[in-house]
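Since the structure comes first, as structure tokens, the remarks are kept for the end.
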Amino acid sequence: MRCSQSTAPRTASLLGPGVAAPCPRHRQPASSSAAPATSPLPADRTTNASRASSSQTASTSGRVSNGNGASISSAVRRTSSPYSVLVHDLHHRLGPKGAKRPVLNGVDLQIRRGSLHMLLGPNGCGKSTLLKLLGGLMTPDSGQIDTDLPSGFVFQNPDHQVVMPTVAADVAFGLGRYNLSEAAVSSAVRSSLRLVNMEDFMYRATHTLSGGQRQRVAIAGALAEDPKLLLLDELTTFLDREDQFGVLQAVRSITQASGDVTAIWVTHRWGAAGGDGQMERVGGGVEGGC
Numbered sequence: 008m009r010c011s012q013s014t015a016p017r018t019a020s021l022l023g024p025g026v027a028a029p030c031p032r033h034r035q036p037a038s039s040s041a042a043p044a045t046s047p048l049p050a051d052r053t054t055n056a057s058r059a060s061s062s063q064t065a066s067t068s069g070r071v072s073n074g075n076g077a078s079i080s081s082a083v084r085r086t087s088s089p090y091s092v093l094v095h096d097l098h099h100r101l102g103p104k105g106a107k108r109p110v111l112n113g114v115d116l117q118i119r120r121g122s123l124h125m126l127l128g129p130n131g132c133g134k135s136t137l138l139k140l141l142g143g144l145m146t147p148d149s150g151q152i153d154t155d156l157p158s159g160f161v162f163q164n165p166d167h168q169v170v171m172p173t174v175a176a177d178v179a180f181g182l183g184r185y186n187l188s189e190a191a192v193s194s195a196v197r198s199s200l201r202l203v204n205m206e207d208f209m210y211r212a213t214h215t216l217s218g219g220q221r222q223r224v225a226i227a228g229a230l231a232e233d234p235k236l237l238l239l240d241e242l243t244t245f246l247d248r249e250d251q252f253g254v255l256q257a258v259r260s261i262t263q264a265s266g267d268v269t270a271i272w273v274t275h276r277w278g279a280a281g282g283d284g285q286m287e288r289v290g291g292g293v294e295g296g297c
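Put into structure tokens, the structure is as follows:
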């Protein structure tokens with residue numbers, strides 16, 4: 008749901024002269040800890056409260072529990088650990104009440120910070136479920152999740168995420184919540200588009216872009232909010248071979264350029280990985296419910 012123009016802040020001219028900035032699309036709320044020096048975002052950003060539902064209670068360790076044995080850490084950075092994601096004995100079921108089936112059975116996962124990690128498996132294995140659990144969009148039945156924050160999501164159909172008339176306005180879309188100056192917004196947009204090799208398209212109309220270009224704009228929109236963990240769900244499903252290559256190159260450049268942004272890409276197609284990054288087959292050791 009968008010804010011009405013009468014109540015939304017009038018910030019960046021990237022959205023057009025006199026146009027109010029809409030409410031951000033649903034992305035992970037950013038962390039409350041201070042942003043790094045290169046970040047355009049203020050230090051008092053909204054905390055990642057979606058990791059704990061109203062029924063959850065915080066423990067003294069800084070984790071939250073859902074009452075069923077699930078433990079989810081919301082630490083912004085664990086400098087003592089080389090891992091961006093640590094998952095232990097994760098269990099989750101899906102389905103109607105009284106007829107739920109196990110999707111994730113005893114998942115254990117370690118993903119190094121700054122890496123591109125591919126999770127490969129057939130449809131229905133629970134790959135997307137695992138991604139949502141990692142990002143705090145769902146709460147597991149039991150197990151332990153410890154991740155870097157904040158996280159950003161990019162889903163398989165860019166048409167569901169690219170919603171503004173120009174590339175710059177779309178990438179700036181999620182920054183409306185932070186009350187940034189026009190200069191800060193412009194800097195964040197340019198930096199994000201540069202990482203996905205789309206800076207020259209900054210003022211291009213989004214309806215003129217190819218599927219792969221739109222997907223890269225969606226990735227840039229997530230990057231603009233300075234995530235430490237990128238969660239990528241079947242990014243190349245609707246793309247031709249050329250666009251698939253462009254998206255893969257964009258994700259590679261993000262992890263290689265930053266060194267501290269981790270990307271987790273789930274896919275059912277072996278070729279989507281392009282032989283790059285770490286790869287783990289979902290089912291038989293990662294997700295036992297397949």
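To convert, take the position in the sequence shown, counting from 1, and add 7; that gives the numbering used here.
A virtual CB, placed ideally from N, CA and C, is assigned to each residue, including glycine.
Tell me which same chain residues have a C-beta within less than 6 Å of the C-beta of S88, skipping the five on either side of it?
Residue numbering aside, residue 88 sits at position 81 when the sequence shown is read from its first letter. Answer for S88: no residue qualifies.
Measure from the alpha carbon of G159 to the alpha carbon of each residue in S265, R248, A227 and Q251, then state which is nearest. Counting from 1 along the sequence shown, the entry for residue 159 is found at position 152. Of the candidates S265, R248, A227 and Q251, the one whose C-alpha sits nearest the C-alpha of G159 is A227.
### Task
Return helix, strand or coil for Q151, following the three-state DSSP convention.
Numbered from 1 along the sequence shown, position 144 holds the residue referred to as residue 151. When secondary structure is reduced to three states using DSSP, Q151 falls in the strand class.
- Item | Straight-line Cα distance separating S260 from D247 | Translated into the one-based positions of the sequence shown, residue 247 becomes position 240. Translated into the one-based positions of the sequence shown, residue 260 becomes position 253. Whole-angstrom Cα-Cα distance: 20 Å.
For M171, collect the residues of the same chain with a Cβ closer than 7 Å to its Cβ; drop the 5 residues on either side in sequence, then sort them by chain order. For the purposes of this step, residue 171 is taken as residue 164 along the sequence shown, with counting starting at 1. Only D177, F180 and T213 meet the Cβ criterion.
* To do: Within 10 angstroms of the Cβ of T215, are there 16 or more other Cβ atoms? Answer buried if so, exposed if not.
  => The residue labelled residue 215 in the question sits at position 208 within the sequence shown. T215 should be labelled exposed.
Can you give the Cα-Cα distance for C132 and V110, rounded to whole angstroms? Locating residue 132 in the sequence shown gives position 125, counting from the first residue. Locating residue 110 in the sequence shown gives position 103, counting from the first residue. Their backbone Cα atoms lie some 7 Å apart in a straight line.
| R108 classed as buried or exposed, judged by whether at least 16 other C-beta atoms fall within 10 angstroms | Walking along the sequence shown from the start, residue 108 turns up at place 101. Flag for R108 reads exposed.
Next on the checklist: With H, G and I counted as helix, E and B as strand and the rest as coil, what does DSSP make of V196?
Outcome noted: Looking up residue 196 in the sequence shown gives position 189. Three-state result, V196: helix.
Item to check | 8 Å contact criterion, which T262 and M125 should meet: CB distance rounded | outcome: Your numbering for residue 262 matches position 255 in the sequence shown. Your numbering for residue 125 matches position 118 in the sequence shown. Contact flag wrong, Cβ pair sits at about 12 Å.
Notebook entry, point to check: Can you tell me where the alpha helix (DSSP H) with T304 in it begins and where it stops?
Noted result: Since the first residue shown for the chain is 8 and the last is 297, residue 304 is missing from the structure and cannot be characterised.
Subject >> Through-space distance from H99 to N112, alpha-carbon basis >> reply: Taking the first residue of the sequence shown as position 1, residue 112 is located at position 105. Taking the first residue of the sequence shown as position 1, residue 99 is located at position 92. Spanning the two alpha carbons is a distance of roughly 7 Å.
With DSSP as the reference, label V174 as helix, strand or coil.
As a position in the sequence shown, residue 174 is number 167, starting the count at 1. Residue state, collapsed to three classes: helix.
- What number of angstroms, rounded off, separates the C-alpha of A190 from the C-alpha of M205? What you label residue 190 is simply residue 183 of the sequence shown in a count that begins at 1. What you label residue 205 is simply residue 198 of the sequence shown in a count that begins at 1. Cα-Cα distance, rounded: 19 Å.
Self-check item: Per-residue burial, K134 [other beta carbons within 10 Å of its own, 16 or more giving buried]
Solution: Stepping through the sequence shown from its first residue, residue 134 is reached at position 127. It counts as buried.
Checklist entry - Would a check of beta-carbon distances place A106 closer than 8 Å to chain C? => result Included in the structure is just one protein chain, with no chain C present.
N-terminal and C-terminal residue of the alpha helix (DSSP H) that A229 is part of = What you label residue 229 is simply residue 222 of the sequence shown in a count that begins at 1. Per DSSP, A229 belongs to the alpha helix (DSSP H) from G218 to L230.
Legend entry - Cβ pair V92, L140 closer than 8 Å: Reading the sequence shown from its first residue, position 85 is the one you call residue 92. Reading the sequence shown from its first residue, position 133 is the one you call residue 140. For V92 and L140, no; Cβs fall outside 8 Å.
Spatial distance of G266 from P157 (CA atoms) = Here residue 266 is taken as the residue at index 259 of the sequence shown, counted from 1. Here residue 157 is taken as the residue at index 150 of the sequence shown, counted from 1. Rounded to whole angstroms, G266 to P157 spans 16 Å at the Cα level.
(message) Less than 6 Å between C-beta atoms, sequence neighbours within five positions excluded: which residues of the same chain meet that for T244?
(response) Counted from its first residue, the sequence shown places residue 244 at position 237. Q163, listed in sequence order.
In the DSSP assignment, find the alpha helix (DSSP H) that holds T215 and state where it starts and stops. Translated into positions along the sequence shown, residue 215 becomes position 208. Taken as a continuous stretch (DSSP letters only), T215 belongs to no alpha helix (DSSP H), as it is neither H nor E.
Practice prompt. Tell me whether G183 sits in a helix, a strand or coil according to DSSP, three-state version.
Written response: Mapped onto the sequence shown, residue 183 falls at position 176. It is helical.
Exercise. Quick one: residues in its chain with C-beta nearer than 7 Å to the C-beta of A264, no 5 flanking neighbours on either side, listed in chain order?
Key: Position 257 of the sequence shown, counting from 1, holds the residue named residue 264. Counting only Cβ-Cβ distances below 7 Å, and skipping sequence neighbours, we find L202.
- Query: Along the chain, where does the alpha helix (DSSP H) that runs through L140 open and close?
  - Reply: Residue mapping note: residue 140 aligns to position 133 of the sequence shown, counting from 1. Note, L140: alpha helix (DSSP H), K134 to L141.
**Prompt:** Thinking just about the alpha-carbon of each residue, which of G218, L238, A231 and K235 is nearest to the one in F252?
**Reply:** Counting from one through the sequence shown, the residue named residue 252 turns up at place 245. Looking only at G218, L238, A231 and K235, the smallest Cα-Cα distance to F252 is reached by G218.
| said: Which of the three DSSP states is assigned to D233 in this structure? | reply: As a working note, residue 233 is residue 226 in the sequence shown. D233 falls in the coil class under three-state DSSP.
For H275, which three-state DSSP category applies? Counting from one through the sequence shown, the residue named residue 275 turns up at place 268. The answer is coil: DSSP assigns H275 none of H, G, I, E or B.
What does DSSP give as the partner residue(s) for G121 in the beta ladder?
Taking the first residue of the sequence shown as position 1, residue 121 is located at position 114. Looking at the DSSP assignment, G121 forms no beta bridge with any residue, so it has no partner.
### Nearest-angstrom Cα separation, counted from P129 out to G105
In the sequence shown, residue 105 corresponds to position 98, counting from 1. In the sequence shown, residue 129 corresponds to position 122, counting from 1. Spanning the two alpha carbons is a distance of roughly 26 Å.
For A298, tell me which candidate among I118, D115 and L123 has the shortest Cα-Cα distance.
The shown model of the chain, from 8 to 297, leaves out residue 298, and the question about it has no answer.
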